[in-house]
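Presented below is the structure to which this report refers.
Number of protein chains: 2
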Amino acid sequence: MKLYFAAASPFVRKVHMSAIELGLVKQIELVSTHVSPGKENATYTDGINPLGKIPALEIDDGSIILDSSVICEYLNHLEGNNTLIPERGPERWRVQTGHAIANGIMDAAVSNRYETFMRPEEYRWDLWVNEQWAKINQALQWFENQKSDSMETIDQISLACALGYLDFRFADFAWRERYAHLSLWHQRMSETTAYRETAPD
Amino acid sequence: MKLYFAAASPFVRKVHMSAIELGLVKQIELVSTHVSPGKENATYTDGINPLGKIPALEIDDGSIILDSSVICEYLNHLEGNNTLIPERGPERWRVQTGHAIANGIMDAAVSNRYETFMRPEEYRWDLWVNEQWAKINQALQWFENQKSDSMETIDQISLACALGYLDFRFADFAWRERYAHLSLWHQRMSETTAYRETAPD
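Spelled out as structure tokens, the structure:
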């Protein structure tokens, strides 16, 4: 399999960590891929992902699987033990809802990265940036309130990648001071092989 | 069940259409919900979705299910025949990949709605708007190339909602002239009960 990849993307990191946790990473070739607003990459958008986003997974029959959440579910299926995503019942919806909330943190953080770094200064809109920070804080508070110690399911892997992205791109955002449980939990998570081996910097 | 709802959202429409197609709509109470950049809605973000996005589904035990894609999978599970999403095999990944691409059209179109309508004129960035239109066109071309006549799976329902949103918010975007197969397909789709009953206007 080929994973279209950039280490800076939290969505890519989520898939990469998942592949490591599932013991599938040796079956995956990482294909470095550059996508960025305003930079055309026709080879990628014509052949792999018309949305021009990463990650994308190309499986051995040539099919493309998108997006990061579908790829994680595919890898979970391939491994066969439902390690990342419970197969059925209330646990499945609880885990996938947490996964969606962690994805929302990544979306908001990536949106603020575009707004405060890539967008020319004269076109930046403070209200938008503040709105994304509000979403991020509300979602982190939601996870803080869960007081979960789990580190194995896709909601927790995604949360770790979201926090890692905040540390990577917004080092001044002092989330550890506000979310004491998440701070301790992330400390443990950051010692895992999967987290260490996928660090963006 | 309660669906937190606004008729203008293509993601909400996807869930609403799915519920109709699955014969579950009578079990769902629609709860009109206003979320918008810069407008606080603490009741919703504290109690339902910390990301402040719609849709959200509240099921009868009080649990919340997020996001639109997870809700569709939940409803598909509830109905029990895997009508929207094949249970397993290559067909599952093909349908969910199409679903992700249609979601990407919605994301890009909603982003352009924010950029060209909600964002103050002096802060608008043409490069961003053009980038989203490129994504939308590439994704529509991808669907055009599929030449699919199917109307029942979640990829097709999502595509119908994405096209409906383009008609609703960007009536000048003449996609029918460029995508002849999609134009005919959408015409048939627009005659279905589920599509008609969920029209935003």
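So the protein sequences, as listed, match chains A and B.
Reminder that position 94 of the first sequence reads as 380 in the working numbering, one-by-one numbering, no gaps.
Reminder that position 110 of the second sequence reads as 396 in the working numbering, one-by-one numbering, no gaps.
The C-beta atom is built at its ideal place from N, Cα and C for all residues, glycine as well.
Check the Cβ of residue i against every Cβ in chain B and list those closer than 9 Å, keeping chain order.
i	result
P406(A)	W411, L413
Pull up the DSSP beta-bridge partners for residue i, would you.
i	result
K288(B)	E315(B), E344(B)
K325(B)	S322(B)
I350(B)	E344(B)
Within the same chain, show all residues whose beta-carbon is closer than 6 Å to that of residue i, passing over the 5 residues directly before and after it, in chain order.
i	result
I345(B)	M287
G384(A)	D441
M437(A)	M475
Y465(A)	L426, E430
T484(B)	R299, H302, M303
R399(A)	R455
H472(B)	L449
I314(A)	M287, L289, A305
G333(A)	none
A293(A)	P486
P406(A)	none
G324(B)	none
Taking only beta-carbon positions, decide if residue i is within less than 9 Å of chain E.
i	result
R374(B)	Among the chains of the structure shown, chain E does not appear; the protein chains present are A and B.
Go ahead and label residue i buried or exposed: buried means 16 or more other beta carbons lie within 10 angstroms of its beta carbon, across all protein chains shown.
i	result
G390(B)	buried
H320(B)	exposed
E307(B)	buried
M404(A)	exposed
S354(B)	buried
S322(B)	exposed
D393(A)	buried
P336(A)	buried
N367(B)	exposed
L470(A)	exposed
T479(A)	exposed
L343(B)	buried
So which residues of chain A does residue i contact, with C-beta pairs closer than 7 Å?
i	result
P323(B)	L413, W414, E417
D353(B)	A386
I350(B)	T383
Residues in the same chain with beta-carbon distance under 8 Å from residue i, minus the five sequence neighbours each way, listed in chain order, please.
i	result
W411(B)	E401
M291(B)	Here residue 291(B) is Phe; the residue named in the question, Met, does not match the sequence. Closer than 8 Å at the Cβ level, and outside the excluded window around F291(B), lie V298, H302, L316, V317, S318, T319, I340, P341.
G338(A)	V321, N327, Y330, T331
A395(B)	P296, Q418, I422, A448, Y451, L452, R455, F456
E365(B)	L308, G309, L310
D347(B)	none
State the CB to CB distance for the pair residue i and residue j, rounded to an integer number of angstroms; the pair is presumed to be in contact (CB under 8 Å).
i	j	result
L316(B)	I387(A)	Actually they do not touch by this definition, with Cβ atoms about 23 Å apart.
L370(A)	A305(A)	L370(A) to A305(A), Cβ: 10 Å. No contact.
C358(B)	K300(B)	7 Å
H467(A)	K421(A)	The Cβ separation is near 20 Å, so there is no contact.
F459(A)	L452(A)	5 Å
Y481(A)	A446(A)	6 Å
S349(B)	P376(A)	7 Å
Name the chain B residues whose beta carbon is nearer than 8 Å to that of residue i?
i	result
Q427(A)	P336
Y330(A)	Those do not exist, as Y330(A) stays about 10 Å from chain B at its closest Cβ, beyond 8 Å.
Q432(A)	Those do not exist, as Q432(A) stays about 11 Å from chain B at its closest Cβ, beyond 8 Å.
Q473(A)	Ordered by position in chain B, no residue passes the 8 Å Cβ test against Q473(A), which lies about 23 Å from the chain.
Q313(A)	Within chain B, no residue comes near Q313(A); the closest Cβ sits about 16 Å away, beyond 8 Å.
By the criterion of Cβ-Cβ separation under 9 Å, what are the contact partners of residue i in chain A?
i	result
I371(B)	Here the premise fails: no neighbours, minimum Cβ distance about 11 Å.
K339(B)	G390, K421
Y360(B)	R378, W379, Q382
Taking 7 Å as the limit between beta carbons, can you name the residues of its chain near residue i, skipping five residues before and five after?
i	result
D487(A)	F454
P372(B)	R378, V381
S444(B)	K300, H385, A388, N389
W414(A)	E401
R462(A)	S469
W428(B)	I387
In chain A, which residues lie with their C-beta within 8 Å of the C-beta of residue i?
i	result
V317(B)	In chain order: nothing, as chain A lies at least about 18 Å away.
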